[in-house]
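Everything in the sequence shown is counted per numbering that gives the first Met the number 0, starting at 0 for the first residue and increasing by one.
Structure record follows, encoded as structure tokens.
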Amino acid sequence: MADHFLTKSQFERGQCLEYGGGLALESHAALQAALSQRLSPAAAALFAEPLISFGNDSAPASIAWYTSHEGEGRPLKDLDDAEQARVGAILSRDLRAIRGLLGDAEDGTLIGAALHLAGNKAGDIWVVGGNPVLINWGMLPVGAGRDATARATHFAATLGRYLPMTSAPPITEAERSARLEKLTDARGVEAPAPTGAAAVAAVGAGAATAASAANAAPAATVPVPPAPARQRQPIRALEWLPLLLLLLLAGVTLIWLLLPGTRIFPDRRADIVDDAAAAEATRQINASLEARLAALQEALDGAQCRDDGTLLMPGGRTIEGLLPPVPGNPNDAPGKRAAADPISTLPPDPSRVQVPDRDSNDPGSTAIDSASLLDMIETRTVMIVAQTPNGLSTGSGFFVAPELVVTNFHVVADAAADKIFVTSKSLGALHSAQVLKSEGPFASTGTDFALLRVAGANAKHFTLLKPAKTLKLQSVIAAGFPGDVLRTDAAFAALKSGNGGAVPDLTVTDGTVNTEQSLTPGTLAIVHSAPISQGNS
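This is the structure:
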């Protein structure tokens with residue numbers, strides 16, 4: 000499309016000349032292509048490009064005109080006489096070249112229609128950068144007749160001043176054929192050449208009148224033969240050679256890429272936990288949940304409530320696994336400790352459970368002899384914060400040595416080495432962590448662990464359990480920093496905003512061990528009922 004806006008004009012659809020089942024205005028691209036190929040781009044630029052709006056009930060139809068010429072546009076009639084004469088000479092030259100195409104079988108009627116101007120008072124001939132540009136082309140004045148005589152009169156008053164013609168430019172195939180036939184007949188009649196004294200007299204007479212003839216008004220236009228119709232040249236066999244070579248090269252390349260061993264792909268280890276193992280795991284979980292439901296129902300059916308309000312389970316212990324208090328026994332007074340059955344009907348309150356808090360394998364431990372289970376968990380559990388290309392990754396971990404934290408591989412898998420941090424209330428602030436070893440992902444390795452070093456932490460830590468018997472029905476506590484809770488945690492929002500001392504609150508849930516699964520020969524899993532979500536990793 001032409002780049003430079005020229006002006007805008009209003010029109011009525013009845014003014015427009017038809018071409019090819021539509022309006023000549025709508026065939027600007029074909030007009031430009033014909034003139035560029037047959038004559039020159041300069042001849043094609045004579046006709047401004049229309050952007051047509053046919054209007055509606057509230058807005059009249061209008062055309063925005065664009066040109067490829069740069070500069071300010073002005074109507075020709077607004078220029079001084081000298082500039083009008085200069086531009087008029089250019090316009091006459093271009094129109095004479097275009098006239099030779101009016102007899103063309105392919106483009107003659109389109110070019111003929113384009114040479115009709117609407118005759119607007121504002122002017123249909125504009126000048127941009129010293130070049131003539133036609134607007135309102137392919138149209139007639141409102142109410143003007145479309146017969147050849149009326150159009151010839153109108154053409155003489157517009158472009159006919161720069162291109163004298165004996166008839167209006169053709170707009171139908173019949174007019175084009177008649178014009179072509181007339182030109183052919185005119186070329187076929189030639190006057191006999193004078194001989195002898197007559198020839199000499201003719202030469203003298205011609206010499207005597209040459210000067211006056213040069214200044215006389217232009218006589219009848221000498222017909223210009225139409226340009227020969229374009230013919231399609233057959234494509235020679237040799238011209239197909241580059242395409243054939245390109246196709247051959249593409250085929251050879253494709254075959255080479257399909258050969259085994261050509262392309263290098265990373266080895267993809269088969270998933271260790273296949274669909275069959277996952278289905279079996281689901282079956283075992285459902286079976287354990289059904290067994291747990293039956294056990295709870297049985298306990299509820301056999302429970303007894305004593306006079307002092309203590310609820311005893313069928314085994315004679317309370318719902319938390321304690322022996323019922325004996326009235327008057329000082330050892331059963333409030334605040335006293337009592338041994339609990341590790342397999343209780345429901346998990347006990349972590350804040351009431353007292354556990355040893357000294358690591359016998361660590362003589363330098365500063366831990367106290369005992370603490371509540373909740374305090375013990377909070378001092379050893381940390382939040383993992385890792386910056387990855389996809390954003391912030393959070394998870395949970397716990398100390399297994401004064402400076403060593405275990406977490407899941409997928410929490411830190413995509414993080415840069417210097418973008419991994421841990422925090423907790425016992426640490427008090429963010430601490431940088433270094434990945435010492437990792438193994439995962441779970442689908443292909445059966446493991447999902449990462450071991451982190453937190454330099455200088457000197458934290459209390461857990462001792463990993465190596466059970467000698469089954470853990471089924473034993474109480475379990477899940478502690479961590481799940482994402483659905485962090486979304487509404489003000490401390491986490493402050494941490495993300497740059498407050499390194501802000502520590503989110505630890506989320507604790509309880510449950511029981513449902514089953515112990517062997518997903519594969521090297522993958523063991525403990526399934527429990529404590530609710531967890533993304534972020535507990």
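Glycine is no exception: its CB is placed at the ideal position from the N, C-alpha and C atoms.
Practice item. Would you mind working out which of Glu25, Val325 and Leu109 sits nearest Pro169, comparing C-alpha positions? Key: For the options Glu25, Val325 and Leu109, the alpha carbon positioned closest to that of Pro169 is the one of Leu109.
Review point. DSSP state of Glu105, grouped into three classes?
Key: Residue state, collapsed to three classes: coil.
Review point. Which residue from Leu523, Ala121, Glu279 and Thr446 puts its Cα closest to that of Lys465?
Key: When each option's Cα is compared against that of Lys465, the closest is Leu523.
**Study point:** For Met138: DSSP bridge partner residues
**Key:** In DSSP, Met138 forms a bridge with Cys15.
Practice item. Check whether the stretch 118-138 touches the stretch 81-98, counting contact only when three or more Cβ pairs, one atom from each stretch, lie closer than 8 Å. Key: Contact between the stretch 118-138 and the stretch 81-98 is present, with at least three C-beta pairs closer than 8 Å.
Practice item. Report all residues from its chain with a CB closer than 8 Å to the CB of Leu311; omit the five preceding and five following residues, and keep chain order. Key: Closer than 8 Å at Cβ, skipping near neighbours: Ala302, Gln303, Cys304, Arg305, Thr317 and Pro323.
Exercise for review: Pull up the distance between the alpha-carbon of Leu240 and that of Gly102, whole angstroms please.
Suggested key: About 38 Å.
Review point. Are three or more beta carbon pairs between the stretch 451-459 and the stretch 491-501 nearer than 8 Å?
Key: Of all C-beta pairs linking the stretch 451-459 to the stretch 491-501, fewer than three are shorter than 8 Å, placing the two stretches out of contact.
Check your understanding: Lys495 lies in the beta strand (DSSP E); which residues open and close that run?
Key -> No beta strand (DSSP E) holds Lys495; the alpha helix (DSSP H) holding it covers Ala489 to Lys495.
Review point. Just how far apart, CA to CA, sit Gly510 and Gly260?
Key: Going by the C-alpha atoms only, they are around 52 Å apart.
Review point. With burial defined as no fewer than 16 other Cβ atoms inside 10 Å of the residue's Cβ, what is the status of Ile254: buried or exposed?
Key: Exposed is the call here.
Practice item. Enumerate in chain order the residues of its own chain whose CB-to-CB distance from Ser176 is below 8 Å, with the five nearest sequence positions on each side excluded. Key: If we look at Ser176 and ignore the five residues flanking it on each side, it has no Cβ neighbours.
Check your understanding: Thinking C-beta only, is Asp447 closer than 7 Å to Phe408?
Key -> Yes, these two residues count as a Cβ contact at 7 Å.
**Study point:** Same chain, Cβ closer than 7 Å to Asp340, five either side skipped, listed in chain order
**Key:** So the list reads Arg316 and Gly320, once near-sequence residues are dropped.
Point to revise | His153 - containing beta strand (DSSP E), residue span | key: Judged by DSSP secondary structure, His153 falls outside any beta strand (DSSP E) and instead within the alpha helix (DSSP H) spanning Ala147 to Ala156.
Check your understanding: Taking C-alpha atoms, which residue in Ala96, Thr157, His115 and Ala149 lies nearest to Leu75?
Key -> From the listed residues Ala96, Thr157, His115 and Ala149, the smallest Cα separation to Leu75 is found for Thr157.
Review point. Nearest to Gly107 by CA position, among Thr171, Ala414 and Gly394, is which residue?
Key: Scanning Thr171, Ala414 and Gly394 for the CA closest to the CA of Gly107 turns up Thr171.
Point to revise | Limits of the unbroken alpha helix (DSSP H) element including Gln31 | key: That run of the alpha helix (DSSP H) goes His27 to Arg37.
Check your understanding: By Cβ distance, which residues of its chain are closer than 7 Å to Tyr43, with the 5 residues on each side in sequence left out?
Key -> One point to set straight first is that residue 43 is Ala, not Tyr, in the sequence displayed. Cβ neighbours of Ala43 beyond the five flanking positions: Gln31, Leu34 and Ser35.
Practice item. Work out the CA separation of Ala286 and Ala490 for me, nearest whole Å. Key: Rounded to whole angstroms, Ala490 and Ala286 show a C-alpha spacing of 40 Å.
**Study point:** Check whether Ala478 and Thr380 have beta carbons under 7 Å apart
**Key:** With contacts defined as CB atoms closer than 7 Å, Ala478 and Thr380 qualify as a contacting pair.
Exercise for review: Could you give the DSSP three-state label for Ala60: helix, strand or coil?
Suggested key: Ala60 falls in the coil class under three-state DSSP.
Review point. Within the chosen definition, does the stretch 49-60 reach the stretch 149-167 through at least 3 CB pairs nearer than 8 Å?
Key: Here the stretch 49-60 does not lie against the stretch 149-167, with fewer than 3 beta-carbon pairs under 8 Å apart.
**Study point:** Three-way DSSP call (helix, strand, coil) for Gln473 in this model
**Key:** In the structure shown, Gln473 adopts coil according to DSSP, grouped into three states.
Practice item. Give every residue of the same chain whose Cβ lies closer than 7 Å to the Cβ of Asn535, excluding the five residues on either side of it in the sequence, and list them in chain order. Key: Excluding sequence positions up to five before and after Asn535, its CB lies within less than 7 Å of the CB of Ser395, Ala477, Gly479 and Pro481, all in the same chain and listed in chain order.
Check your understanding: Taking the continuous alpha helix (DSSP H) assigned at Val410, which residues delimit it?
Key -> Where Val410 is concerned, the enclosing alpha helix (DSSP H) starts and stops at Phe408 to Val411.
Check your understanding: With distances taken from CA atoms, which of Tyr65, Ala278, Ser371 and Gly99 is nearest Leu133?
Key -> A check of alpha carbon separations from Leu133 across Tyr65, Ala278, Ser371 and Gly99 identifies Tyr65 as the nearest.
Point to revise | Sub-7 Å separation of Gln9 and Ser57 beta-carbons | key: No, these two residues do not count as a Cβ contact at 7 Å.
Point to revise | Separation of Ala249 from Glu515, as counted between CA atoms | key: Roughly 57 Å between the two C-alpha positions.
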